[in-house]
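See below for the structure under consideration.
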């Protein structure tokens, strides 16, 4: 009987030990699942935009029919030119016809002026003769002592005075006629000079640069006959409305040539606030043009990639908490969640860090109400 009870006690002890060992083993082998996700705060990747090498200044020269026909183009395609160099010569046949007509008019007026000058010379000679005769008559009258002859000479003096007055009027009229003829000659000569200036005309380059000659411009008034491209180059880039706010005047960027893979530094100098035309497709995303200035050695029209650094640190919205007028995040340090005050600004829905945390900090991305400052936590890193 005693042996039987002893066996039951020993068997109960063994069962208890087995059951305890079972629960102890399996409870200790069960892992605690992490509750939070952690990410490393880092700067955004550079914004990459398309660009094209363009001349900083372009001067278009179109065929001007009012100047006549093209006599010659004294520059070759892609030839370097200086400001003031002749790049186009015109010949105006209609102007030449007007010059010939005007030359005949000038010749005619010149002949009239010559005749007027001759008339003045003859009138002056008659006046001089009349004045000399009057002087002689006065002298004879003054010397004569015989009253009868003196009276006779007096009548001659009066007659000569009348002659002097008459010839003087002729001189005055001849002088007026000559002045009028000379005025006509001057006016007609000026008109001739004006027309002569229209027979041939030149067009000069307004800037230093490279002349691009387009033969199609001789037949189409919509296409420039010559384009003078400045040797100074710039990049014209395109940005969508989604990234437009990320560009700033004066922002330094890196430009890479697609063809040569060479890189040069530049600076944004202009951002067009008006979108480019959509070519009639309303579904297209609006795009805007911006200008990058710099020293770019690549050919006009070369494709480039403009890289804009984005130094800002952006926090996911779920990682940011607010309580009692304070904004904070939990930073994961040494296995603990450390409550850290931050200052952020909202830019188009993105929460940009102003202060509080720095590049490389590990941020808990899904904090909840159970999480407290300096709490020991297990996390999954999502980097």
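Numbering (the working numbering), first residue to last: 1008 to 1390. Here a beta-carbon is modelled for each residue, glycine too, at the ideal position from N, C-alpha and C.
If you check the CB distance, residue 1366 and residue 1049 come in under 8 angstroms.
Taken in chain order, the complete alpha helix (DSSP H) segments of 4 or more residues contained in the region 1180-1246 number zero; there are none.
Less than 8 angstroms separates the beta-carbon of residue 1266 from that of residue 1309.
Ranking 1351, 1320 and 1237 by CA distance to the CA of residue 1065 puts 1237 first.
Per DSSP, residue 1093 is one residue of the beta strand (DSSP E) stretching across 1093-1098. Cβ-Cβ distances below 8 angstroms link residue 1088 to 1082, 1094, 1212, 1215, 1216, 1217, 1218 and 1235 in the same chain, with the five nearest sequence neighbours on each side left out; the list follows chain order.
Note that the C-beta distance between residue 1113 and residue 1208 is not below 8 angstroms. Pairwise C-beta distances place the region 1123-1134 out of contact with the region 1245-1260, as fewer than three of them are shorter than 8 angstroms. Each of 1202, 1096 and 1303 was checked against the Cα of residue 1107, and the nearest Cα belongs to 1202. Counting only residues of its own chain and dropping the five nearest sequence neighbours on each side, residue 1318 has a CB closer than 6 angstroms to the CB of 1050. Nearest Cα to residue 1307 within the set 1258, 1242, 1352 and 1333: 1242. Of the residues assessed, residue 1337 falls on the buried side of the cut-off, its CB having 16 or more other CB atoms within 10 angstroms. The alpha-carbon of residue 1344 is positioned some 19 angstroms away from that of residue 1350. Look at residue 1270 here: in three-state DSSP terms it is strand. In the three-state reduction of the DSSP assignment, residue 1124 falls in the helix class.
Residue 1339 sits in a strand when the DSSP states are folded into three classes. The three-state secondary structure of residue 1082, taken from DSSP, is coil. Under the DSSP definition of a beta bridge, residue 1263 partners with 1270 and 1312. Within the same chain, Cβ atoms closer than 6 angstroms to the Cβ of residue 1305 are found at 1060 and 1264, the five residues on either side in sequence being excluded.
Between residue 1321 and residue 1359, the CB-CB gap stays under 8 angstroms. DSSP places residue 1149 in the helix class (H, G or I) of the three-state scheme.
In chain order, 1218, 1219 and 1220 place their CB closer than 8 angstroms to the CB of residue 1084, counting only its own chain and leaving out the 5 sequence neighbours on each side.
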